[in-house]
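Novice:
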Amino acid sequence: MIDLHCHLLPGIDDGPETLADALAMARLAVGNGITEAHVTPHLHVGRWDNDLAGIKKAVEAYRGELAAAAIPLKLGFGAEVRLAYEVLPLIEAGRVPFLGKWDGLDVLLLEMPHGHVPVGSDKFVGWLMNRGIRPMIAHPERNKEIMRDSAKLAPFVLAGCLVQLTAGAVAGEFGDECEARAIEFLANGWVTVLASDAHDVDTRPPSMTPGLEVARSILGSEAAQALVEGNPRRIVYGT
Ligand SMILES: [Fe+2]
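Going by the working numbering, the first residue of the sequence shown is number 747, and it counts up by one from there.
1) For Arg841, name the three-state secondary structure that DSSP assigns.
2) Express the C-alpha separation of Val827 and Val863 in angstroms, rounding to a whole number.
3) Would you kindly work out how many angstroms separate the C-alpha atoms of Lys820 and Gly935, rounded to a whole number?
4) For Val974 and Gly866, I'd like the C-alpha separation in whole angstroms.
5) Where Gly792 and Leu836 are concerned, what is the direct C-alpha to C-alpha distance, given to the nearest angstrom?
6) With DSSP as the reference, please indicate the residues paired to Arg880 in a beta bridge.
7) For Ala913 and Gly800, I'd like the C-alpha separation in whole angstroms.
8) Of the choices Met882, Thr786, Gly777, whose alpha-carbon is the least far from that of Leu755?
9) Between the alpha carbons of Ala735 and Asn889, how many angstroms are there, rounded?
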């Protein structure tokens, strides 16, 4: 499986604090059937001031540590970009990493605030699309406003956004409401990717199998597998 949203780099955001924890997470990912992880550190202006150059450097260092520890986890990267106007100059300056491409447009993992869908989000998405950037909405099933009214996600899908669900949310690990929304979005055919959004070894580990099993029961085996393999591969490698 290919995990397109996870926090494995040590000391760069609210993921693992130490290299030892980061390596433990990588071992766990491999043990859980994840062959390839694309780390997505938070890029939230004023809170987590990461950018392409810093993330790239941290990825190279971590890749070296994985090799030294003989952990067979292939590593790529993007960023989990918080929807905020302050990030637009960084995007224009080419300082924000993309996960790959989908139908010719660069894929940006875009996170809304947890409590609501900001006014002007449609304009924000339009601004990106006009610049050849296709947002992939990170875990909308965990957004409070979308949890209350699932129709709030529809305009993003109609605008051409991709959708990433947290695998654990699909499996009920984030509560009943998140689970219900996640299942609804799967049934709607709105979901592109399941990802772990792993942050640590214990409470939010790199694991996708329980969510994948639920997706299988809704979509069938082949379509569910595409969410953890075919679609991530298409985004990263275009094949
Ligand atoms: Fe995340």
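Ideal Cβ positions, reconstructed from N, Cα and C, are used throughout, including at glycine.
Specialist: So, from the listed chains and residues:
1) Taking the sequence shown and counting its residues from 1, the one referred to as residue 841 is at position 95. Three-state DSSP puts Arg841 in coil, outside helix and strand.
2) Numbered from 1 along the sequence shown, position 117 holds the residue referred to as residue 863. Numbered from 1 along the sequence shown, position 81 holds the residue referred to as residue 827. The straight-line gap from Cα to Cα measures roughly 15 Å.
3) As a first step, residue 820 is located in the sequence shown; it is residue number 74 there, counting from the start. As a first step, residue 935 is located in the sequence shown; it is residue number 189 there, counting from the start. For the pair Lys820 and Gly935, the Cα-to-Cα distance works out to about 29 Å.
4) Start at 1 with the first residue of the sequence shown, and residue 974 comes out as number 228. Start at 1 with the first residue of the sequence shown, and residue 866 comes out as number 120. Approximately 31 Å, taken between the alpha carbons.
5) Against the sequence shown, residue 792 aligns to sequence position 46. Against the sequence shown, residue 836 aligns to sequence position 90. Going from the Cα of Gly792 to the Cα of Leu836 covers about 13 Å.
6) Counting from one through the sequence shown, the residue named residue 880 turns up at place 134. Answer is Val853.
7) Residue mapping note: residue 913 aligns to position 167 of the sequence shown, counting from 1. Residue mapping note: residue 800 aligns to position 54 of the sequence shown, counting from 1. If you take the alpha carbons of Ala913 and Gly800, they lie about 28 Å apart.
8) By one-based count along the sequence shown, residue 755 stands at place 9. Closest by alpha carbon: Thr786.
9) What the structure shows of the chain is the stretch from 747 to 985, and residue 735 is not part of that stretch, so it cannot be assessed.
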